[in-house]
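Participant: In UniProt numbering, the protein residues as written are 1 to 463.
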């Protein structure tokens, strides 16, 4: 708290005190709430009801916690500060004997309804809605505050309803189970107060408060709401038939028919028949505001679609420009492609020519070719034996630049195996043939030698 200077005490409530304080850092004004409960740990601070609720709620029409301070086990909540609350706002009109325009009332009630809608969507009951707890900014924006009495609806052990008596609903007076409809009743009371510039139901006690309500709204039908009559008997509240209702149009003559209809629906004594906050926002009373919001939404949507269309057009123009630039380069690319095709064709022609001139490299003709004679086989074998490496090297030098596929891709594996076996057999046959020929030649040479020796001996004897 050393960073704040308290200027004024604004009020008290059952949980603590309110102060107006100035920030020593930037001079901004803040609303500081000092809690009576001592907090030894931060877990205890966070468990405070108002802190738990405001951590859930985040809405432009709901007050925000700026800071949580724990000093000497004392808890301080720092809020936004607003100079004027709704009670002071309408009192300024009453002092000047002016009426608040219905157009302005629409804007005020609509913003309060938006804040309540955010609460009810999260299962939270405000339970203390009154003009003193609603703030008005300099820009005429409404801020709903004071969530010290707020409660989650799913809790069965609701604490006592401690709102100002003028805004207390009939079921709260009769101690019935509470739900979010108590906030709808309080909203109806505030709306009527903005028209009248004074409380719509100003009772001196709870019983008198209920009588004031029945005097203006009327007594509910016994068949439609039997619980009400039962509770009144239990509380020993006598409801006389003479309690005829005073019609709202006579109390608020300046209100439109849509405003009166909405007031009756929000101030229905039977909570099960009371209008919901979503239905309040959709009521014809706010048709102009809803239409304006719809127009703004449509305008934003149209603007968004226009931006999307503009972006699409720019992207389309950019892509067309890229296409045009690619078309300009197309002759060069096509020429390149033509050259590539030409090279491929030339390579294919060269390949076919080389394949036709060198059948020994192509395995397929060798398989299907007729068998060669022994002499040709010997000649071929002799040539292969003379320079196999050179011939093979020539073939590689001729075909290596053509990137030919593998032989296994040209001929099935089975055919290749068959040809290999035949080649090996042929080679063995040729080798055997050569061996036999050499043997025959050696025999002939031996015979010739013997004959030569014999003839030489005969000549020698003759001499």
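The C-beta atom is built at its ideal place from N, Cα and C for all residues, glycine as well. Model, not experiment: these values are computed from the prediction.
Over what stretch of residues does the alpha helix (DSSP H) that includes residue 229 continue unbroken?
Facilitator: It spans 226 to 234 - the alpha helix (DSSP H) in which residue 229 sits, taken as one unbroken run.
Participant: Between the beta-carbon of residue 53 and the beta-carbon of residue 112, is there less than 7 Å?
Facilitator: Cβ distance not < 7 Å, so residue 53 and residue 112 don't count as in contact.
Participant: If contacts are defined as beta-carbon pairs under 8 Å, then residue 263 and residue 191 qualify, I think. What distance do you get, rounded to the angstrom?
Facilitator: Going by Cβ atoms, the distance from residue 263 to residue 191 rounds to 6 Å, so yes, they are a contact pair.
Participant: So which of 24, 268, 285 has the shortest CA-CA distance to residue 255?
Facilitator: Residue 255 has its Cα closest to that of 285, out of 24, 268, 285.
Participant: Measure from the alpha carbon of residue 226 to the alpha carbon of each residue in 269, 31, 209, 217, then state which is nearest.
Facilitator: Of the candidates 269, 31, 209, 217, the one whose C-alpha sits nearest the C-alpha of residue 226 is 269.
Participant: Using the three-state DSSP reduction, which class does residue 21 fall into: helix, strand or coil?
Facilitator: Residue state, collapsed to three classes: strand.
Participant: What do you get for residue 186, buried or exposed, if any count of 16 or more other CB atoms within 10 angstroms of its CB means buried?
Facilitator: Result: buried.
Participant: What are the start and end residues of the alpha helix (DSSP H) that includes residue 120?
Facilitator: 102 to 121 is the span of the alpha helix (DSSP H), which, as asked, contains residue 120.
Participant: So for residue 61, helix, strand or coil by DSSP?
Facilitator: It is coil, neither helix nor strand.
Participant: Would you say residue 21 and residue 13 are within 7 Å of each other, going by their C-beta atoms?
Facilitator: Cβ atoms of residue 21 and residue 13: not closer than 7 Å.
Participant: For the structure I just gave you, are there three or more beta carbon pairs, one from the segment 168 to 185 and one from the segment 217 to 235, closer than 8 Å?
Facilitator: Because the criterion of three Cβ pairs below 8 Å is met, the segment 168 to 185 and the segment 217 to 235 touch.
Participant: Nearest to residue 36 by CA position, among 95, 104, 72, 67, is which residue?
Facilitator: Comparing Cα positions, the closest option is 72.
Participant: Decide if residue 280 is buried, meaning its Cβ has at least 16 other Cβ atoms within 10 Å, or exposed.
Facilitator: When all chains shown are included, residue 280 counts as buried.
Participant: What residues in its chain sit with their C-beta under 7 Å from that of residue 220, if we drop five residues either side in the sequence?
Facilitator: These residues qualify, in order along the chain: 228, 269, 270.
Participant: Given 8 Å as the limit, is there contact between the segment 77 to 85 and the segment 129 to 139, that is, 3 or more CB pairs closer than that?
Facilitator: Flag = yes, the segment 77 to 85 and the segment 129 to 139 touch.
Participant: Specify the secondary structure class of residue 85 as computed by DSSP and reduced to three states.
Facilitator: If DSSP states are grouped into helix, strand and coil, residue 85 belongs with the strands.
Participant: DSSP state of residue 8, grouped into three classes?
Facilitator: Residue 8: strand per DSSP, three-state reduction.
Participant: Taking residue 79 as part of the alpha helix (DSSP H), name the residues at either end of that continuous run.
Facilitator: Per DSSP, residue 79 belongs to no alpha helix (DSSP H); it is in the beta strand (DSSP E), 74 to 80.
Participant: Quick one: Cα of residue 206 to Cα of residue 91, how far?
Facilitator: For residue 206 and residue 91, the distance between alpha carbons rounds to 25 Å.
Participant: Counting C-beta neighbours from all protein chains within 10 Å, is the total for residue 283 16 or more, i.e. buried, or is it exposed?
Facilitator: Per the 10 Å Cβ criterion, buried.
Participant: Report the three-state DSSP secondary structure of residue 168 (helix, strand or coil).
Facilitator: In the structure shown, residue 168 sits in coil (DSSP, three-state: anything other than H, G, I, E or B).
Participant: What are the residues that DSSP puts in a beta bridge with residue 125?
Facilitator: Paired residue(s): 151.
Participant: Measuring only the C-alpha atoms, how far is residue 299 from residue 76?
Facilitator: Cα-Cα distance, rounded: 44 Å.
Participant: Pull up the DSSP beta-bridge partners for residue 16, would you.
Facilitator: Bridge partners of residue 16: 13, 35.
Participant: Going by alpha carbons, who is nearest to residue 28 out of 105, 3, 266?
Facilitator: Comparing Cα positions, the closest option is 3.
Participant: Suppose contacts are defined by Cβ-Cβ distances below 7 Å. Is residue 465 in contact with residue 16 by that definition?
Facilitator: Past the boundaries of the shown model lies residue 465; the chain is included only from 1 to 463, so the question cannot be answered.
Participant: Tell me, to the nearest whole angstrom, how far the beta carbon of residue 57 is from that of residue 122; I am working on the premise that it is less than 8 Å.
Facilitator: Yes, residue 57 and residue 122 are in contact; Cβ-Cβ is about 7 Å, under 8 Å.
Participant: Pull up the CB-CB distance for residue 126 and residue 116, whole angstroms please, since I reckon it's below 8 Å.
Facilitator: About 7 Å separates the two Cβ atoms, so the contact holds.
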